[in-house]
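Asker: The structure under discussion is supplied below as structure tokens; questions concerning it will follow.
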Amino acid sequence: MSIRLLVGSALLGWAVALAACGGGGGGAPAEGVTAASPSSIFSKKATSFHVLGEGFTSTGAAVDVTLRAAAGTPFLGGTSASLTVPGVAQSDSLVDTGLPATEVATSFTAFVSVRRGDGVVLESSTPILNVVAQRVTGITPATIDSSATTSVTVTGAGFQTTSSTSATVVFTAAGGGLFHVGTGASNILSVPGTITSGSEVTAAITYAGVLGPTPASIHVVLSDGTTLPGTGTPVTFMPGANGVQGTWTYESVPSTTAGLDYGSTMERPIRGARVQLVKASGGAVVTTRELDANGAYKIAYGGSGSVIVRVLSETGPSHPPIRVEDNTDSDALYSSEGPPLAIGSGFQTADYVATSGWGGASYTGPRAAAPFAIMDVIYEAMSDFLAVRTISFPLCTVNWSIDNRPSAAFDVTTGEIGISHYSGELYILGKEDVDTDEYDQYVVAHEWGHWLEDQLSRSDSIAGPHSIGDYLDPTVAWGEGFGYAVAALVLAPNTINSNAVGIAQATGFGEDIEDNSLDATLPNTGWFSETSIEWLVYDLFDTANEAPHDNVTLGLGELYDVLVGAQKNTPYSTTIFSLISALKTAHPSAAGDIDTLCVLHGITPVADALGTGETNDGGWAPILPVYSPVMVNGPSVARTMFNGSSYNAVDATRRFYFTGTGSAVTIDALTPPPITFLDDFDILVRVYRKGARVADVDDFVTLGELFTLPSTIAGETYVVLIIDISPGSPDYTYPVDLLITSP
Numbered sequence: 022m023s024i025r026l027l028v029g030s031a032l033l034g035w036a037v038a039l040a041a042c043g044g045g046g047g048g049a050p051a052e053g054v055t056a057a058s059p060s061s062i063f064s065k066k067a068t069s070f071h072v073l074g075e076g077f078t079s080t081g082a083a084v085d086v087t088l089r090a091a092a093g094t095p096f097l098g099g100t101s102a103s104l105t106v107p108g109v110a111q112s113d114s115l116v117d118t119g120l121p122a123t124e125v126a127t128s129f130t131a132f133v134s135v136r137r138g139d140g141v142v143l144e145s146s147t148p149i150l151n152v153v154a155q156r157v158t159g160i161t162p163a164t165i166d167s168s169a170t171t172s173v174t175v176t177g178a179g180f181q182t183t184s185s186t187s188a189t190v191v192f193t194a195a196g197g198g199l200f201h202v203g204t205g206a207s208n209i210l211s212v213p214g215t216i217t218s219g220s221e222v223t224a225a226i227t228y229a230g231v232l233g234p235t236p237a238s239i240h241v242v243l244s245d246g247t248t249l250p251g252t253g254t255p256v257t258f259m260p261g262a263n264g265v266q267g268t269w270t271y272e273s274v275p276s277t278t279a280g281l282d283y284g285s286t287m288e289r290p291i292r293g294a295r296v297q298l299v300k301a302s303g304g305a306v307v308t309t310r311e312l313d314a315n316g317a318y319k320i321a322y323g324g325s326g327s328v329i330v331r332v333l334s335e336t337g338p339s340h341p342p343i344r345v346e347d348n349t350d351s352d353a354l355y356s357s358e359g360p361p362l363a364i365g366s367g368f369q370t371a372d373y374v375a376t377s378g379w380g381g382a383s384y385t386g387p388r389a390a391a392p393f394a395i396m397d398v399i400y401e402a403m404s405d406f407l408a409v410r411t412i413s414f415p416l417c418t419v420n421w422s423i424d425n426r427p428s429a430a431f432d433v434t435t436g437e438i439g440i441s442h443y444s445g446e447l448y449i450l451g452k453e454d455v456d457t458d459e460y461d462q463y464v465v466a467h468e469w470g471h472w473l474e475d476q477l478s479r480s481d482s483i484a485g486p487h488s489i490g491d492y493l494d495p496t497v498a499w500g501e502g503f504g505y506a507v508a509a510l511v512l513a514p515n516t517i518n519s520n521a522v523g524i525a526q527a528t529g530f531g532e533d534i535e536d537n538s539l540d541a542t543l544p545n546t547g548w549f550s551e552t553s554i555e556w557l558v559y560d561l562f563d564t565a566n567e568a569p570h571d572n573v574t575l576g577l578g579e580l581y582d583v584l585v586g587a588q589k590n591t592p593y594s595t596t597i598f599s600l601i602s603a604l605k606t607a608h609p610s611a612a613g614d615i616d617t618l619c620v621l622h623g624i625t626p627v628a629d630a631l632g633t634g635e636t637n638d639g640g641w642a643p644i645l646p647v648y649s650p651v652m653v654n655g656p657s658v659a660r661t662m663f664n665g666s667s668y669n670a671v672d673a674t675r676r677f678y679f680t681g682t683g684s685a686v687t688i689d690a691l692t693p694p695p696i697t698f699l700d701d702f703d704i705l706v707r708v709y710r711k712g713a714r715v716a717d718v719d720d721f722v723t724l725g726e727l728f729t730l731p732s733t734i735a736g737e738t739y740v741v742l743i744i745d746i747s748p749g750s751p752d753y754t755y756p757v758d759l760l761i762t763s764p
């Protein structure tokens, strides 16, 4: 009873107070939630809103706001009828809160309640908040011609939530389907769109490029990045109703040790090249696709009239990246094209051949096949490695021209390239009746081997002239031998390294890299011979084993592993010693068989990357050891130099190594030559750390070189290379003393 009296007294006092204030008979305001502002919010966008009502307690108090769906369980992935979020009472009649971005399948209305800190819950008597499910629900038309421009309307809800009217309509192909096949194939097609209302986006699809019926789902991305999902696969892209299909091949002329065999010319597919459909009238490019690995293409058109099919000397994005360009014509791409072709209904079949241009005694027509022959060798090389390892190849650029020729001058813009070579890009000879290398597959693959080593591994070669029988610096012997070995590995079973030269390309020379008997006849078998290394590396990684010496089959994958691993990171120079040392470590069970192959090719079983214990001196003892250690602040180390015919000969270079101190070091290479040769005496000193050149000193003095490295890294290995660069005549030997000091 006392409780009832107290309540009654309180109500009476409140009513009296109202009367005194002139309120007149309105009754007491009811506590509760009455409205939400705004009354509609969007599911994919975090949105703040106000809850209005009475009795929300004092300003600044924390409250809980709960949204309860009028029907169903739309929250938490369709598992809950309600969602609670924090809020703050700004006054007795207003609460600030917000709904985070959430995934809901359909739009719905919700009751809103506020739970005060004292546990009292105030809820709206009716649903007061609309939650709009931002989604894509459909598209018109539902079938799209992939070769023609098609205007589409995407329907849904919640599109118009930003001040911008732009949006992106994104199609995702289902079941492994692809868009833009031949121009950058992807399962995603993104199209700019315009928001015309909260439930509609319009867009124009200009070209989708599918090969067959391709179902796709849709989602829309608003300008603020909000993604509105779709459901199912509401649209199907269809290939165009007409177009062109067929193949592109090139004429391949076999290269033999007797020259080019034009009589045995054959057709090979142009693999992976970009192919264009061009309007015959005006020359506008309709679309660019790519040939497949068999040289086949299919291009939907959707128009009428005459078109031209053109192939370019560059691979498309779905294939290994290769470009063959004309260094004498501002690096232009080569192209070959067929005659105008009338397009009617359905697909026309058109097969094309890029011809060699050979007229029987000379080239009488465009040498259209040449750039594609070059590209195909590199395509094969890259494909062979990609078959065994996942590799992201950079673009391989090749420069070829009918004007590329040997020359004492050097100007690649006029074709004076010296020889086929690699210097960041490949340069291939093409001068008729002099030396054409476009069909000499081994030449192209060899230069690509240099590219592979430089781009993905490491090349420390000091370069220079080289040929069979030369006694070469070990970095040169390794680089050249490796290039030919890689050529044989990717061109197998063709193991004939041939080169055609001369009038009508009718003279040739070469060797069979699988014939190990030739190596045994050379006077310079060993670690300084490019031929020995060529055959050794080929035997290590080829698939055929010849008893009793070759019992090793490691494969291209294992070669790639050591190239990008230990060979790339060796602290010493890249030589056959660093490769073999790494192989034996990676494949200990094969170490004995690897040693057997080394001995066959004149190399002492390899102990380490330094070539420690190597006994083959090629008949001139001063070239050993391969490296000499030098202690910083220790005694000088003496070696013997030789003024020979070439700076890159094994007897004209000496290697030393020392360990960095963490501070500056002074390097003193003292070389007192015989007094009679002072006028033409000179050495070059280079210092490397993991193949990177940190010093290159040649002061043109006659008694050596003296210089200081301003800093070194403590514990790091540095290689010092001394090269004789004196004139080659008269020949003489002389000592070099290397002294390294540090504060």
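In terms of my numbering, the sequence shown opens at residue 22 and continues consecutively.
Just so you know, even glycine gets a beta-carbon here, dropped at the ideal spot from N, CA and C.
1. Give me whichever residues DSSP pairs with I704 in a beta bridge.
2. Which term fits R156, buried or exposed, when burial requires 16 or more other beta carbons within 10 angstroms of its beta carbon?
3. Could you tell me which of V511, G640 and S58 sits nearest to Q462, measuring between CA atoms?
4. Using C-beta distances below 6 Å, list every residue in its chain close to Y492, excluding the 5 sequence neighbours before and after it, in chain order.
5. Identify whether Y668 lies in helix, strand or coil by the three-state DSSP scheme.
6. Using CA coordinates, which residue listed in P260, I743, S244 and E311 is at the minimum distance from S184?
7. Taking A389 as the reference, which of E272, W472, N425 and T277 has the closest Cα?
8. Let me know if Q720 comes out buried or exposed under the rule of 16 or more other beta-carbons within 10 Å of its beta-carbon.
9. My output table needs one value for P643: the three-state DSSP class, helix, strand or coil.
10. Can you tell which of Q111, D563 and G337 has its C-alpha closest to the C-alpha of G578?
11. If we call anything under 8 Å between Cβ atoms a contact, is V152 one with V125?
12. Counting only runs that start and end within the segment 503–588, where is the beta strand (DSSP E) found for 3 or more residues in a row?
13. Does DSSP classify S327 as helix, strand or coil?
14. Work out the CA separation of G179 and Y322 for me, nearest whole Å.
15. Classify N420 as helix, strand or coil using the three-state DSSP reduction.
16. Quick one: Cα of S187 to Cα of I209, how far?
17. Would you check if the segment 702–711 and the segment 651–660 touch, i.e. whether three or more CB-CB distances between them fall below 8 Å?
18. Which residue or residues does DSSP assign as beta-bridge partners of S187?
19. Whole-angstrom Cβ separation of V712 and D481, contact assumed at under 8 Å?
20. Round the Cβ separation of S134 and G261 to the nearest angstrom and send it over; I've been treating them as touching at under 8 Å.
21. On the criterion of 16 or more Cβ atoms from any shown chain inside 10 Å, does D347 qualify as buried, or is it exposed?
22. Strictly by DSSP, which residues pair up with L759?
23. Inspect the beta-carbon positions of V231 and F200 and report whether they are closer than 8 Å.
24. Which residue wins for smallest C-alpha separation from P392, given the options P360, S356, R410 and G380?
25. Give me the Cβ distance between Y593 and A630, rounded to the nearest whole Å; I'm assuming they're in contact under 8 Å.
26. How should N315 be labelled, buried or exposed, when 16 other C-beta atoms within 10 angstroms of its C-beta is the threshold for buried?
27. At what residues does the beta strand (DSSP E) containing T617 begin and finish?
28. Since P236 sits in a beta bridge, which residues does DSSP pair it with?
29. Any heavy atom of the ligand COA closer than 7 Å to the Cβ of D350?
30. Within its chain, find whatever has a CB closer than 8 Å to the CB of G138; leave out the 5 residues flanking it on each side and keep chain order.
31. Can you name the residues that DSSP bridges to M287?
32. Roughly how many angstroms separate the alpha carbons of T754 and S488, rounded to a whole number?
33. Hey, how far is the Cα of K452 from the Cα of I440?
34. Exposed or buried, W641, counting other C-beta atoms within 10 Å across all chains shown (16 or more means buried)?
35. Between G640 and chain C, is the shortest Cβ-Cβ distance under 8 Å, so that the two count as touching?
36. Tell me which same chain residues have a C-beta within less than 6 Å of the C-beta of S747, skipping the five on either side of it?
Answerer: In short, the structure shows the following:
1. D745
2. buried
3. V511
4. N545, F549, G639, A670 and V671
5. coil
6. S244
7. E272
8. According to the sequence as given, residue 720 is Asp; it is not Gln. D720 should be labelled exposed.
9. helix
10. D563
11. yes
12. 517–522 and 528–533
13. strand
14. 37 Å
15. strand
16. 19 Å
17. no
18. T215
19. According to the sequence as given, residue 712 is Gly; it is not Val. Confirmed, Cβ separation roughly 5 Å.
20. 58 Å between Cβ atoms; not a contact.
21. buried
22. V658 and A690
23. yes
24. S356
25. 5 Å
26. exposed
27. Careful: T617 lies outside any beta strand (DSSP E), inside the alpha helix (DSSP H) at A612 to L621.
28. T257
29. In terms of ligand content, the structure shown is empty, and the ligand COA therefore cannot be addressed.
30. T78, A82, A83 and V84
31. S273
32. 24 Å
33. 11 Å
34. exposed
35. You won't find chain C in this structure, because it holds only one protein chain.
36. N664, D701, F702 and D703
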